[in-house]
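Student: Here it is: the structure, laid out below.
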Amino acid sequence: MIKKVYNKIEEWLDSRYDLSPVKEFIAHKKVPVHRHSLWYYLGGITLFLFIIQVLSGILLLLYYKPGEDSAYESIRFIITEVKFGWLVRSIHSWSANLMVLFAFVHMFSVFFSRAFKNPRELTWISGFILLVLAMGFGFSGYLLPWDELAFFATKVGTDIVGVVPVVGETLKVILRGGEDVTGATLSRFFGIHVAILPAITTVLLVLHLLFVQRQGMHEPKEFTELPEDKKKYIPFFPDFALKDLLFWLIVFNILLFLAVYFPWELGPKADPLSSAPSGIKPEWYFMFMFQTLKLLPAHILFLEGELVGVLGFGLVGLLWMLYPFLPFSRSEKKLQITTIIGVLAILFIVVMTIIGYLE
Amino acid sequence: MSQTRRKFINTLLGIGSLGSLGAIFYPVLSYLVPPKIAEAKVKSLKIGTVENFSPDSSKIVKFGRKPAIIVRTEDGEFRALEATCTNLDCIVQYKKDTKQIFCACHNGIYDLHGRNISGPPPRPLGEFQVNIINDEIVITQPG
Numbered sequence: 032m033i034k035k036v037y038n039k040i041e042e043w044l045d046s047r048y049d050l051s052p053v054k055e056f057i058a059h060k061k062v063p064v065h066r067h068s069l070w071y072y073l074g075g076i077t078l079f080l081f082i083i084q085v086l087s088g089i090l091l092l093l094y095y096k097p098g099e100d101s102a103y104e105s106i107r108f109i110i111t112e113v114k115f116g117w118l119v120r121s122i123h124s125w126s127a128n129l130m131v132l133f134a135f136v137h138m139f140s141v142f143f144s145r146a147f148k149n150p151r152e153l154t155w156i157s158g159f160i161l162l163v164l165a166m167g168f169g170f171s172g173y174l175l176p177w178d179e180l181a182f183f184a185t186k187v188g189t190d191i192v193g194v195v196p197v198v199g200e201t202l203k204v205i206l207r208g209g210e211d212v213t214g215a216t217l218s219r220f221f222g223i224h225v226a227i228l229p230a231i232t233t234v235l236l237v238l239h240l241l242f243v244q245r246q247g248m249h250e251p252k253e254f255t256e257l258p259e260d261k262k263k264y265i266p267f268f269p270d271f272a273l274k275d276l277l278f279w280l281i282v283f284n285i286l287l288f289l290a291v292y293f294p295w296e297l298g299p300k301a302d303p304l305s306s307a308p309s310g311i312k313p314e315w316y317f318m319f320m321f322q323t324l325k326l327l328p329a330h331i332l333f334l335e336g337e338l339v340g341v342l343g344f345g346l347v348g349l350l351w352m353l354y355p356f357l358p359f360s361r362s363e364k365k366l367q368i369t370t371i372i373g374v375l376a377i378l379f380i381v382v383m384t385i386i387g388y389l390e
Numbered sequence: 016m017s018q019t020r021r022k023f024i025n026t027l028l029g030i031g032s033l034g035s036l037g038a039i040f041y042p043v044l045s046y047l048v049p050p051k052i053a054e055a056k057v058k059s060l061k062i063g064t065v066e067n068f069s070p071d072s073s074k075i076v077k078f079g080r081k082p083a084i085i086v087r088t089e090d091g092e093f094r095a096l097e098a099t100c101t102n103l104d105c106i107v108q109y110k111k112d113t114k115q116i117f118c119a120c121h122n123g124i125y126d127l128h129g130r131n132i133s134g135p136p137p138r139p140l141g142e143f144q145v146n147i148i149n150d151e152i153v154i155t156q157p158g
């Protein structure tokens, strides 16, 4: 019965739009099988978490009220009064963190397997921009509950923008909607979080996925060097898609476990006239940058320490994004410079993050 | 002839397009910068009577749009400093154990005259003049 209806619909569509290119594509899409195949699933998991973000975010929108006098109260209303409101909010927060985590792991797996190389430079760049956007989502979303920690984290985060030479101060005022972090900042961050970032992210995400579909999965060097008959592939539909689904289910269960047993907290309401509490810290994925800025001396040569830090991170980020175009990224030596750079980057991030949490 | 005419038309179109883009982006960019809200410039502020402050305590008050920290030292002296850390804009606090001004965001430390003595702050905190008139504390921006 269902099959019949399905066939009817397909016929109807096919006779009007000619679905053969799509069918052809689906039938021939295949995924290489080798000992590093596991890494292929990370991008999909990140995508899955993004979908959860969109859906849970839409649910939160139904009750959230931006504004100095209503934001905090509306979040409290969501987590105390609305049925399953605590769960929706907790899922939104946890899934945001997991999404950034998986995006980072996905990025490093691509980096170490050199999947960014010709012809996939643009996939790498669009992916990096997506990670930056995800961090922008995290930063703007962090302020929305308008609690103490969020307030000071945003003060610090936006003040850092101010140290950029020439345009910094204007950028800071634009971002904050004034000289200080106030209700105006909250309005702006809300708009950025629910309209501007989603729009840009959608475009880039579509591009990123199109690039991947057009070029197929990257095959590591050891796989391409195998004789043709030793290369193993599985079809994308249904084999790989089902495995994808399995991973999504596992991640979904982990997410639910975290959301239920470790519900996201809401601190005391922000008070612009109180001292910064001790233990103020940004979200974990900003910690390594935050900690680095903290460790820099007030002055380095004739420049302010934080200016050096901010410019340094900006420069490193830019180089990281353009990595596929740097001459040494194509090196084929045994101990590749790419491996060394990747390991150093991870070490730096991990060590700085740990120091940040130990203090 | 037709070549120069085409060139002429293209230039005209180009200038027109640039003008249109400018006419769109200039208002949008200006819109992004929030207008300055006019506010009476605060020169001095009464913050209460001496009895309101016990020795070895502090309080944050609003001076104009900026926070200020009032500290009454152990020997009863009053100090008033700008409360915004010169490092990254957090609000500082008075540490009773060390008798210093401390910023919890990045462990910046100032002495009770606002001088930055350790941690990342690049500049001292501005100090207000404190006058006690008829038991009432008045802080004044210097200069």
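Listed in order, the protein sequences are those of chains X and G. If you're matching positions, the first sequence starts at 32 in our numbering and goes up one per residue. If you're matching positions, the second sequence starts at 16 in our numbering and goes up one per residue. Every residue, glycine too, gets a C-beta built ideally from N, C-alpha and C. The structure displayed is predicted, hence computed values, not measured ones.
What separation, rounded to the nearest whole angstrom, lies between the Cα atoms of Trp279/X and Leu132/X?
Tutor: 15 Å
Student: Taking beta-carbon pairs under 9 Å, can you tell me which members of the region 322 to 350 of chain X lie near chain G?
Tutor: Leu324, Lys325, Leu326, Leu327, Pro328, Ala329, His330, Glu335, Gly336 and Glu337
Student: Taking just the CA atoms, how far does Ala127/X sit from Leu80/X?
Tutor: 7 Å
Student: Starting from the beta carbon of Leu304/X, find every residue of chain G whose beta carbon is closer than 9 Å, and list them in chain order.
Tutor: Ile75, Val76, Lys77, Pro82, Ala98 and Ile106
Student: Measure from the alpha carbon of Ile148/G to the alpha carbon of each residue in Ile62/G, Tyr41/G and Ser32/G, then state which is nearest.
Tutor: Ile62/G
Student: Mind listing the chain X neighbours of Val48/G? Cutoff is C-beta to C-beta under 8 Å, in chain order.
Tutor: Thr201, Val204 and Ile205
Student: So which residues on chain B does Pro308/X lean against when the C-beta distance must stay under 7 Å?
Tutor: No chain B is present in this structure, whose protein chains are X and G.
Student: Are the C-beta atoms of Pro157/G and some chain X residue less than 8 Å apart?
Tutor: no
Student: Output yes or no for whether 8 Å exceeds the beta carbon distance between Lys186/X and Val212/X.
Tutor: yes
Student: Out of curiosity, what's the CA-to-CA distance linking Arg120/X and Val291/X?
Tutor: 11 Å
Student: Are the CB atoms of Ala226/X and Pro49/G nearer to each other than 8 Å?
Tutor: It is not a contact, given that the beta carbons lie outside the stated cut-off.
Student: Out of curiosity, what's the CA-to-CA distance linking Glu256/X and Ser124/X?
Tutor: Whole-angstrom Cα-Cα distance: 44 Å.
Student: For the beta strand (DSSP E) that Gly123/G lies in, which residues bound it at each end?
Tutor: Gly123 to Tyr125
Student: Could you tell me how far apart the beta carbons of Leu349/X and Glu337/X are, in whole angstroms, since I believe they sit closer than 8 Å?
Tutor: With a beta-carbon spacing of about 19 Å, Leu349/X and Glu337/X fall beyond the 8 Å limit used to define contacts.
Student: Take the Cβ of Gln246/X as the centre, count every other Cβ of all protein chains shown within 10 Å, and call the residue buried at 16 or more, exposed below.
Tutor: Burial call: exposed.
Student: Count the C-beta pairs between the region 293 to 300 of chain X and the region 175 to 192 of chain X that are closer than 8 Å, then say yes if the count reaches three, no if not.
Tutor: By the Cβ test, the region 293 to 300 of chain X is in contact with the region 175 to 192 of chain X, since at least three Cβ pairs between them sit closer than 8 Å.
Student: What in chain G is Cβ-close to Asp178/X, meaning under 8 Å?
Tutor: Here the premise fails: no neighbours, minimum Cβ distance about 15 Å.
Student: Enumerate, from N- to C-terminal direction, the unbroken alpha helix (DSSP H) stretches of 4 or more residues contained entirely within the region 214 to 279 of chain X.
Tutor: 214 to 222, 228 to 246 and 252 to 255
Student: Three-state secondary structure (DSSP) at Asn102/G?
Tutor: Coil.
Student: Give the residues of chain X in contact with Pro42/G, contact being defined as C-beta atoms less than 7 Å apart.
Tutor: Here the premise fails: no neighbours, minimum Cβ distance about 15 Å.
Student: In chain order, which alpha helix (DSSP H) runs of at least 4 residues are fully inside the region 287 to 366 of chain X?
Tutor: For the region 287 to 366 of chain X, whole alpha helix (DSSP H) runs of length 4 or above, ordered along the chain, are 315 to 326 and 336 to 352.
Student: Taking 8 Å as the threshold (C-beta atoms), are Pro251/X and His137/X in contact?
Tutor: no
Student: In chain X, which residues lie less than 8 Å from Pro136/G when you measure between Cβ atoms?
Tutor: Ala329
Student: Over what stretch of residues does the beta strand (DSSP E) that includes Leu36/G continue unbroken?
Tutor: Per DSSP, Leu36/G belongs to no beta strand (DSSP E); it is in the alpha helix (DSSP H), Ser17 to Leu47.
Student: Taking the beta carbon of Val62/X as the centre, do at least 16 other beta carbons fall within 10 Å, making it buried, or is it exposed?
Tutor: Buried, since its Cβ has 16 or more Cβ neighbours within 10 Å.
Student: Between which residues of its own chain and Phe344/X is the CB-CB distance below 8 Å, once the five residues before and five after are set aside?
Tutor: Met320 and Thr323
Student: Contact check, Ile160/X vs Leu235/X under 8 Å by CB: the rounded distance?
Tutor: 6 Å
Student: On the CB-based measure, 16 or more other CB atoms within 10 Å of its CB, does Pro313/X come out buried or exposed?
Tutor: buried
Student: What are the boundary residues of the alpha helix (DSSP H) that Leu175/X is part of?
Tutor: Taken as a continuous stretch (DSSP letters only), Leu175/X belongs to no alpha helix (DSSP H), as it is neither H nor E.
Student: Using only the alpha-carbon positions, how far apart do Val57/G and Glu112/X sit?
Tutor: 43 Å
Student: Going by DSSP, name the residue or residues bridged to Gln108/G.
Tutor: Phe117/G
Student: Determine the extent of the alpha helix (DSSP H) in which Lys35/X is found, giving its start and end residues.
Tutor: Ile33 to Tyr48
Student: Three-state secondary structure (DSSP) at Leu140/G?
Tutor: coil
Student: Provide the residue(s) that pair with Gly63/G in DSSP beta bridges, ordered along the chain.
Tutor: Ile152/G
Student: Residues of chain X with CB closer than 9 Å to the CB of Leu60/G, please, in chain order.
Tutor: The contacting residues do not exist; Leu60/G stays about 13 Å from chain X at best.
Student: Which residues of chain G have a Cβ atom closer than 8 Å to the Cβ of Ile191/X, listed in chain order?
Tutor: Leu103
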